[in-house]
Structures are given as C-alpha cells and as structure tokens.
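S.K.: The opening position of the sequence shown corresponds to residue 1014 in my numbering, with each subsequent residue numbered one higher. Positions of the beta carbon are idealized from the N, C-alpha and C atoms, including for glycine. Submitted below is the structure of interest, expressed as structure tokens.
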Amino acid sequence: MRQLYYQLVARDVISNDLNSYKRVAAMINDAKLAGLIDWDAIEDRTRDFIVRSSWRSVSSILDACVSSFHMNMWQDQANQVYVIVEKEALVGVLERTCNEYDVPLLAARGYPSSSVLYDFAKKHITRKPHWKSHTIIHLGDHDPSGLDMTRDLSERINLLTGGEHHLSIERIALNYDQIEELRPPKNPAKDSDSRFDAYRKKFGTSSWELDALSPEFLNNLVSSKIEEFIDFDEWEARKEEIDTRKSQLQEISDGFRGE
C-alpha cells in the first residue's frame, strides 16, 4: 500500500502527508470491497494463517516433487549473494527477482534482532566452505537510521561469524545519487533519531523512503548487481543438472501412476 501511495505522491496526484496516506488506505479498502481492485493485487504480509500442507493422493505429491525440485544454483559459484531489504512491504516486489536468481531474501524490519542475524549467519555463512565469498546486497531508506543500518549489519554479521569468512555488504539503494537522479518525494527526517545531527550535517533535514522507487527500478537494480557475481558457465551447467534430475523424478512419477 505504501508503494502505491508514494507512486501517487511522485506523480503529484496527492500531497505527501498523513491525511493523504489515510485517504489512500481507506480508498483501497473500499475499492476491494466494491470489487474494483483484486484482493490479490495488494498483499498484507503481516497477518496470515499457518496451514499444514496436505495432498489428495500419493501421485499428487510426486507431481509436486517434480515441479518444485531445485538445487542450490550458487553451490559451485565462488561467491554467494544475499539480499536484505529494510521493509517487509518490499519483499513482494523483490521476491520474484530473488527467486529467479536463487538468492536468499530477508526483510530486516529495521534493525534486525541479534537472534535473526545469528540464525542467518549460522544457516547461510558459517556452514559454507571457507573459500567461498559472501556478498550481502542491502536496500534501505535514506534517513538517519536507514543509512546506519548498512554499517550495523556489516559489523554484527562479521562479529557473529567470527570474522573468519570473506563477507562484504553493498548498499545499492536508497543512495543520494539516486535521489538526485530520480527525485522521489521527500519527508522530514526524524529529529528524535539519535543519528539526526550527523545526518543533517551531510544531507539536510529531509529523508526519502525506499518505497518511493518504482518496482521496475528496484528489480533492475537488484538483478544487475546479482549478475555481477555469477559465473554463467557454472550457472548453465547447474541448470542442466537440475533438468536431468527432474527428468529422473518425472520417470518415477509416471511409473507410479501407471501401476
């Protein structure tokens, strides 16, 4: 919803203030109820049921195995890439691109807890061979805390991994050169933020939200950065291996159906 709001602000359809935001939220709700906006067009990812998977038959789960079978595309790559985005709302925007490149995607929701970063480091970094490098692509708001989050992520993840792994973090948005180029709507920076004074000396009293950038721009930015780390010969070889394994699974599924 925030993305739609900022796109309207960027096009001078509405003003950038709390009342306008509330009106947009109310209009979207009314439009959904009236059947003017598809319920699936705008997601609320913060509330959902947790449902156990179930299957109609054994053959249906075998078919699902074939369609969902996958292998880590980065296993033989020299570098492993991850994307961390500040806001949960942008997961839906970046998810397709990250899935396409088999890149883990984490919504940090501001400053993530140490438990979240510990689990991330344990699952994705410390269990990998030491010869592999790790690159985190970071996207966040351009405000006092949003900029500091990049530093915080780098320091805490390096601490949790013991500094024994080749780890780097690259902030690709929202950066000031992008603000100068794209002119997204601005907001007052929070003067209650402990980092406000240092931020004001460098950027003034305005801040900018990542949500204001178009989904197309964000996805192109992420995909271009990911491709910088891909050995495409290894990539294609891995895809061929996956196709071979899928064919083997399909034979098993077809054989079961024929019994």
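#1: What first and last residue would you give for the beta strand (DSSP E) that runs through threonine 1148?
#2: Run through DSSP, which three-state label would proline 1002 get?
#3: Which of the three DSSP states, helix, strand or coil, is assigned to tryptophan 1052?
#4: Would a C-beta distance cut-off of 9 Å place valine 1094 and leucine 1107 closer than the cut-off?
#5: In three-state DSSP terms, what is arginine 1251?
#6: Within 10 angstroms of its Cβ, does valine 1026 collect 16 or more other Cβ (buried), or is it exposed?
#7: Along the chain, which unbroken stretches of the beta strand (DSSP E) at least 3 residues long are found entirely within the segment 1118-1175?
#8: Taking all protein chains shown into account, decide if arginine 1069 is buried (16 or more other Cβ within 10 angstroms of its Cβ) or exposed.
#9: Kindly list the residues whose CB is nearer than 8 Å to the CB of isoleucine 1041, restricted to its own chain and excluding five residues on each side of it in sequence; keep chain order.
#10: Any idea what DSSP makes of asparagine 1233, helix, strand or coil?
#11: State the Cα-Cα distance for the pair glycine 1175 and aspartate 1161, rounded to the nearest angstrom.
#12: By alpha-carbon positions, which one of Phe1242, Asn1092, Met1086 and Asp1156 ends up nearest to lysine 1214?
#13: Do you know whose CA, among Arg1036, Ala1225 and Ser1081, lies nearest arginine 1258's CA?
#14: Mind checking who leucine 1262 pairs with in its DSSP beta bridge?
#15: Report the partner residues of arginine 1184 according to the DSSP bridge assignment.
#16: Can you give me the Cβ contacts of leucine 1119 inside the same chain, cut-off strictly under 6 Å, excluding the 5 residues immediately before and after it?
#17: Among residues of its own chain, excluding the 5 on either side of asparagine 1232, which ones have a beta-carbon nearer than 6 Å to its beta-carbon?
#18: Using only alpha-carbon positions, find the residue among Asp1053, Ser1220, Phe1209 and Ile1265 that is nearest to isoleucine 1192.
#19: Along the chain, where does the alpha helix (DSSP H) containing tyrosine 1189 start, and where does it finish?
#20: Measuring alpha carbon to alpha carbon, tell me which residue in Ser1266, Phe1209, Trp1052 and Leu1180 is nearest threonine 1148.
#21: Is serine 1219 helix, strand or coil by DSSP?
#22: What residue range does the alpha helix (DSSP H) around lysine 1035 cover?
#23: Whose C-alpha, out of Phe1209, Leu1195 and Ala1134, is nearest the C-alpha of arginine 1169?
#24: In the DSSP assignment, what are the bridge partners of glutamine 1093?
M.R.: Taking the coordinates as given:
#1: In the sequence shown, residue 1148 corresponds to position 135, counting from 1. Here the beta strand (DSSP E) through threonine 1148 covers 1146-1152.
#2: In this structure the chain extends from 1014 to 1272, so residue 1002 is not present and cannot be described.
#3: Taking the first residue of the sequence shown as 1, we reach residue 1052 at position 39. Tryptophan 1052 carries a coil assignment under DSSP once its states are collapsed to helix, strand and coil.
#4: On the sequence shown, residue 1094 is found 81 positions in, with the first residue counted as 1. On the sequence shown, residue 1107 is found 94 positions in, with the first residue counted as 1. For valine 1094 and leucine 1107, no; Cβs fall outside 9 Å.
#5: Looking up residue 1251 in the sequence shown gives position 238. Three-state DSSP puts arginine 1251 in a helix.
#6: Along the sequence shown, read from residue 1 onward, the residue named residue 1026 stands at position 13. Using a 10 angstroms sphere on the CB of valine 1026, the tally of other CB atoms stays under 16, which defines it as exposed.
#7: Runs of the beta strand (DSSP E) inside the segment 1118-1175: 1118-1120 and 1146-1152.
#8: Numbered from 1 along the sequence shown, position 56 holds the residue referred to as residue 1069. Exposed, because fewer than 16 other Cβ atoms sit within 10 Å of the Cβ of arginine 1069.
#9: Taking the sequence shown and counting its residues from 1, the one referred to as residue 1041 is at position 28. Spatial neighbours of isoleucine 1041 in its own chain (CB-CB distance under 8 Å, excluding positions within 5 residues in sequence) are listed in chain order as Met1014, Leu1017, Ile1050 and Ile1055.
#10: In the sequence shown, the residue the question calls residue 1233 occupies position 220. Correct three-state label for asparagine 1233: helix.
#11: The sequence position of residue 1175 within the sequence shown is 162, counting from 1. The sequence position of residue 1161 within the sequence shown is 148, counting from 1. Those two C-alpha atoms are separated by around 21 Å.
#12: Here residue 1214 refers to the residue found at position 201 when the sequence shown is read from its first residue. When the alpha-carbon of lysine 1214 is set against those of Phe1242, Asn1092, Met1086 and Asp1156, the nearest one is in Asp1156.
#13: Translated into the one-based positions of the sequence shown, residue 1258 becomes position 245. Check the Cα spacing between arginine 1258 and each of Arg1036, Ala1225 and Ser1081: the tightest is with Ser1081.
#14: Here the question's residue 1262 lines up with position 249 in the sequence shown. Per DSSP, leucine 1262 has no beta bridge partner at all.
#15: Reading the sequence shown from its first residue, position 171 is the one you call residue 1184. DSSP output for arginine 1184 lists His1151 as bridge partner(s).
#16: For the purposes of this step, residue 1119 is taken as the residue at position 106 of the sequence shown. Listed in chain order, the non-local C-beta contacts of leucine 1119 below 6 Å within the same chain comprise Ile1097, local neighbours out to five positions each way being set aside.
#17: Locating residue 1232 in the sequence shown gives position 219, counting from the first residue. By the criterion of a C-beta distance shorter than 6 Å, asparagine 1232 is surrounded in its chain by Thr1110, once the five residues flanking it on both sides are discounted.
#18: For the purposes of this step, residue 1192 is taken as the residue at position 179 of the sequence shown. Among Asp1053, Ser1220, Phe1209 and Ile1265, the Cα nearest to that of isoleucine 1192 belongs to Ser1220.
#19: Within the sequence shown, the letter at position 176 stands for residue 1189. In the DSSP assignment, tyrosine 1189 falls within the unbroken alpha helix (DSSP H) covering 1189-1195.
#20: As a working note, residue 1148 is residue 135 in the sequence shown. Of the candidates Ser1266, Phe1209, Trp1052 and Leu1180, the one whose C-alpha sits nearest the C-alpha of threonine 1148 is Leu1180.
#21: Residue numbering aside, residue 1219 sits at position 206 when the sequence shown is read from its first letter. In the three-state reduction of the DSSP assignment, serine 1219 falls in the strand class.
#22: As a working mapping, residue 1035 is identified with position 22 in the sequence shown. Note, lysine 1035: alpha helix (DSSP H), 1031-1046.
#23: Stepping through the sequence shown from its first residue, residue 1169 is reached at position 156. The option with the nearest alpha carbon to arginine 1169 is Ala1134.
#24: The count along the sequence shown starts at 1 and reaches residue 1093 at position 80. Note: glutamine 1093 sits in a beta bridge opposite His1147.
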